[in-house]
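What follows is a single structure, written as structure tokens, with notes after it.
Shown next as structure tokens:
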């Protein structure tokens, strides 16, 4: 049995880039910044490349801009290729099956029917009672 699942919550670092893939389908790529807070003094940020296809790509290209807080649900994928100098290259990216904005807009979370934010998100860490992680939503750019 195989299992490949990723759930991330972070802020988009730049506006999404749309292109047409080899098969003629729309492809959108962007990166999100996810903070790791070990303590108030020791904060690190990871940057993850996200790829969307089809309706997800259309949604992201139309509604998502730099700085938005997003939930990204998807799977990991490794891409390998040979660059112009003949060197083998590999990149890891998340192929998104769902992208959901988490910013509040007019008192409600965009794209929902006034469902409280707590009821929309899966519990990522049931045992975590440290609320200090929620205090800092600084974007590192």
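In the working numbering, the protein residues as written are -8 to 132. From the three backbone atoms N, C-alpha and C, an ideal C-beta is built for every residue, glycine too.
Check whether the Cβ atoms of residue i and residue j sit closer than 8 Å, and answer yes or no.
i: residue 41; j: residue 20; result: yes
i: residue 80; j: residue 71; result: yes
i: residue 87; j: residue 64; result: yes
i: residue 50; j: residue 90; result: yes
i: residue 55; j: residue 61; result: yes
i: residue 66; j: residue -5; result: yes
i: residue 5; j: residue 46; result: no
Near residue i, what residues of its chain come up, given a Cβ to Cβ distance below 6 Å and the 5 sequence neighbours on each side ignored?
i: residue 1; result: 23, 24, 25
Spatial neighbours of residue i within its chain, please: C-beta separation below 8 Å, excluding the five flanking residues on both sides.
i: residue 68; result: 42, 83, 84, 85, 86
i: residue 74; result: 80
Roughly how far, in whole angstroms, is the beta-carbon of residue i from the beta-carbon of residue j, given that I think they are within contact range, below 8 Å?
i: residue 18; j: residue 38; result: Not quite, the Cβ-Cβ distance comes to about 19 Å (not below 8 Å), so this is no contact.
i: residue 92; j: residue 52; result: Wrong, their Cβ atoms sit about 13 Å apart, outside the cutoff.
Kindly identify the DSSP beta-bridge partner or partners of residue i.
i: residue 9; result: 19
Could you say if the region 81 to 89 and the region 11 to 18 meet the contact criterion of at least three C-beta pairs nearer than 8 Å?
-> no
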